[in-house]
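Notes to accompany the following structure.
Protein chains: 2
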Amino acid sequence: MLKATVVVRLKEGVDDPEGKTIRHSLNLLGFESVRDVRVARVYEVILDSSPEDARREVEEMVRKLLVNPVIHDYEVRVEEL
Amino acid sequence: MLKATVVVRLKEGVDDPEGKTIRHSLNLLGFESVRDVRVARVYEVILDSSPEDARREVEEMVRKLLVNPVIHDYEVRVEEL
Numbered sequence: 001m002l003k004a005t006v007v008v009r010l011k012e013g014v015d016d017p018e019g020k021t022i023r024h025s026l027n028l029l030g031f032e033s034v035r036d037v038r039v040a041r042v043y044e045v046i047l048d049s050s051p052e053d054a055r056r057e058v059e060e061m062v063r064k065l066l067v068n069p070v071i072h073d074y075e076v077r078v079e080e081l
Numbered sequence: 101m102l103k104a105t106v107v108v109r110l111k112e113g114v115d116d117p118e119g120k121t122i123r124h125s126l127n128l129l130g131f132e133s134v135r136d137v138r139v140a141r142v143y144e145v146i147l148d149s150s151p152e153d154a155r156r157e158v159e160e161m162v163r164k165l166l167v168n169p170v171i172h173d174y175e176v177r178v179e180e181l
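Right under this line is the structure:
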């Protein structure tokens with residue numbers, strides 16, 4: 001079994017309303033040193049395939065479902081379980 | 101400036117409906133090797149404080165806003181920008 005970890009971030013310059021809301025809430029809670037918050041998502045995909053196939057499959061999953069290339073950057077890591 | 105990275109995961113055994121939906125979608129798209137998907141969130145918090153204060157502040161943010169200890173595990177990393 002393999003675990004592919006896909007980290008999906010909003011690109012620099014793309015508005016992050018959720019991050020802004022969290023920053024605002026943290027400031028209101030008294031955390032005045034907080035300047036910015038960005039939110040990213042991590043997909044941990046457990047795969048039953050070979051390491052060579054996994055890399056290709058995950059890149060295809062990213063393209064077909066997990067990432068919108070207009071607004072997202074992403075990185076993929078594959079490791080054996 | 102410092103960047104604190106807070107990774108928030110659902111605990112083992114806690115149901116992840118979003119992950120299940122993604123797994124199901126991936127299977128439907130033909131990715132039959134996918135056995136499980138878990139979704140985590142990453143908060144990147146930019147802080148204007150000292151490294152010593154930052155660690156303590158972030159632990160407090162985690163407790164007050166970012167994490168529900170009943171269902172979440174988390175890890176914190178602090179680095180200078």
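Protein chains in written order, with my numbering: chain L, 1 to 81; chain W, 101 to 181.
Just so it is clear, CB atoms sit at the ideal spot from N, CA and C, and this is done for glycine as well.
All values derive from a computational prediction rather than experimental measurement.
According to DSSP, is residue 112 of chain W part of a helix, a strand, or is it coil?
The count along the second sequence starts at 1 and reaches residue 112 of chain W at position 12. Reduced to three states, the DSSP call for residue 112 of chain W is coil.
In chain order, what residues of the same chain have a beta carbon less than 7 Å from the beta carbon of residue 154 of chain W, not counting five sequence neighbours either side?
On the second sequence, residue 154 of chain W is found 54 positions in, with the first residue counted as 1. Taken in chain order, the residues that qualify are 102, 104, 147 and 178.
What residues from chain W crowd round residue 22 of chain L, counting only those whose CB sits closer than 8 Å?
Position 22 of the first sequence, counted from the start, is the residue given in the question as residue 22 of chain L. By Cβ distance, chain W contributes 143, 165 and 166.
Buried or exposed: which applies to residue 138 of chain W, given that a residue is buried once 16 or more other Cβ atoms fall within 10 Å of its Cβ?
As a working note, residue 138 of chain W is residue 38 in the second sequence. Its Cβ being crowded by 16 or more others within 10 Å, residue 138 of chain W is buried.
Classify residue 50 of chain L: buried if its beta carbon has 16 or more other beta carbons within 10 angstroms, exposed otherwise.
The count along the first sequence starts at 1 and reaches residue 50 of chain L at position 50. Residue 50 of chain L should be labelled exposed.
So is residue 157 of chain W buried or exposed if we call it buried at 16+ other beta carbons inside 10 Å?
Taking the second sequence and counting its residues from 1, one reaches residue 157 of chain W at position 57. Its Cβ being crowded by 16 or more others within 10 Å, residue 157 of chain W is buried.
Are there three or more Cβ pairs, one per stretch, closer than 8 Å when the stretch 14 to 24 of chain L is compared with the stretch 111 to 127 of chain W?
The stretch 14 to 24 of chain L, when compared against the stretch 111 to 127 of chain W, does not touch it at the 8 Å Cβ threshold.
For residue 110 of chain W, which residues in the same chain have their Cβ closer than 7 Å to its Cβ, ignoring the five residues on either side in sequence?
In the second sequence, residue 110 of chain W corresponds to position 10, counting from 1. Excluding residues within five positions, the ones whose Cβ falls inside 7 Å are 116, 138, 171 and 172.
Give me the DSSP bridge partner(s) of residue 105 of chain W.
Sequence index remark: in the second sequence, residue 105 of chain W carries index 5 (1-based). Per DSSP, W:144 and W:177.
If we cut at 8 Å on Cβ distances, does residue 157 of chain W have a partner in chain L?
What you label residue 157 of chain W is simply residue 57 of the second sequence in a count that begins at 1. Chain L contact via Cβ: present.
Taking 8 Å as the CB-CB cut-off, is residue 148 of chain W touching chain L?
Locating residue 148 of chain W in the second sequence gives position 48, where the first residue counts as 1. Yes, residue 148 of chain W lies at the interface with chain L (some Cβ there is under 8 Å from its Cβ).
Short check: CB of residue 142 of chain W to CB of residue 76 of chain L, under 8 Å?
Reading the second sequence from its first residue, position 42 is the one you call residue 142 of chain W. Reading the first sequence from its first residue, position 76 is the one you call residue 76 of chain L. Cβ distance not < 8 Å, so residue 142 of chain W and residue 76 of chain L don't count as in contact.
Which term fits residue 114 of chain W, buried or exposed, when burial requires 16 or more other beta carbons within 10 angstroms of its beta carbon?
Working through the second sequence from its first residue, we reach residue 114 of chain W at position 14. Classification of residue 114 of chain W: exposed, given that the 10 Å Cβ count is below 16.
Along the alpha helix (DSSP H) that carries residue 20 of chain L, what are the first and last residues, could you check?
Numbered from 1 along the first sequence, position 20 holds the residue referred to as residue 20 of chain L. 17 to 28 is the span of the alpha helix (DSSP H), which, as asked, contains residue 20 of chain L.
List the residues of chain L that residue 129 of chain W touches, going by C-beta distances under 8 Å, in chain order.
For the purposes of this step, residue 129 of chain W is taken as the residue at position 29 of the second sequence. 61, 64 and 65, listed in chain order.
On a CA-only basis, which of L:74, L:80 and L:45 is nearest residue 131 of chain W? Give me that one, please.
Counting from one through the second sequence, the residue named residue 131 of chain W turns up at place 31. Checking every option, the nearest Cα to that of residue 131 of chain W belongs to L:45.
Give the straight-line distance between the Cα atoms of residue 68 of chain L and residue 134 of chain W, rounded to the nearest whole angstrom.
Here residue 68 of chain L refers to the residue found at position 68 when the first sequence is read from its first residue. Here residue 134 of chain W refers to the residue found at position 34 when the second sequence is read from its first residue. Straight-line Cα distance between these residues: approximately 21 Å.
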